[in-house]
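Note sheet for the following structure.
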Amino acid sequence: HYETGEPLPADKLERLLAAKNFQSAMQMVRQLEFSLFDFKIHSEFNPDTPDQIQAQLNQVRERVSVVKPAEFNRFQHSFGHIFAGGYAAGYYSYKWAEVLSADAFSRFEEEGIFNPKTGNDFLTHVLQKGGSAEPDELFKAFRGREPSPDALLRHSGIGQ
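If you read the sequence shown in the working numbering, its first letter stands for residue 310, the second for the next number, and so on.
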């Protein structure tokens, strides 16, 4: 506690962690739904087919949605990310960035948050290189392997 110096009781910590992860799987599936919809309309769009946007969204929802929205819901009409602002077929990058971030951080968890070698490797293989190399190559140089979603799932309380 900030006044007494007492640590947070274990039961309160557990409740905070449970609240942090509450419905995280639902949120993740929703983001995957958006990403799949984005890919689908940007790879299969046919300007000669009327009403295909809703049909394509319905197909995605049949595959991945846990809770189907009401029939009158037309969220895609205001889904500006994929129609304006340069995110065409790139909405997935939000979730992919989370995968990379969690996986990179998991090396720090494995080797020690303040491990000098880990920090120096991150500096050398990622930060100093910046945009001079492909991001996937920088990640692999730091992590020593392909990215894995396992750390993101663990950090989100999924599959535990």
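Ideal Cβ positions, reconstructed from N, Cα and C, are used throughout, including at glycine.
Comparing alpha carbon positions, the residue from N367, P359, L326 closest to L345 is N367. For the alpha helix (DSSP H) assignment, the uninterrupted runs of no fewer than 4 residues enclosed by the stretch 380-450 are, from N- to C-terminal side, 389-392, 402-420, 425-431. For A397, the closest of M337, R383, K349 by C-alpha to C-alpha distance is K349. Across the set N382, S402, A379, F381, the C-alpha of S402 shows the shortest separation from the C-alpha of H390. Under the DSSP assignment, R372 falls in the alpha helix (DSSP H) whose first and last residues are 361-373. For K349, the enclosing alpha helix (DSSP H) begins and ends at 333-353. Rounded to whole angstroms, the gap between the alpha carbons of N382 and Q332 is 22 Å.
A distance below 8 Å between beta-carbons, with the five flanking residues on each side excluded, links E342 to the following residues of its chain, in chain order: V369, R370, V373, S374. Comparing C-alpha distances from F388 to each of F354, V376, I362 shows the shortest one belongs to I362. Three or more beta-carbon pairs separated by less than 8 Å are not found between the stretch 403-410 and the stretch 419-433, which leaves the two stretches without contact.
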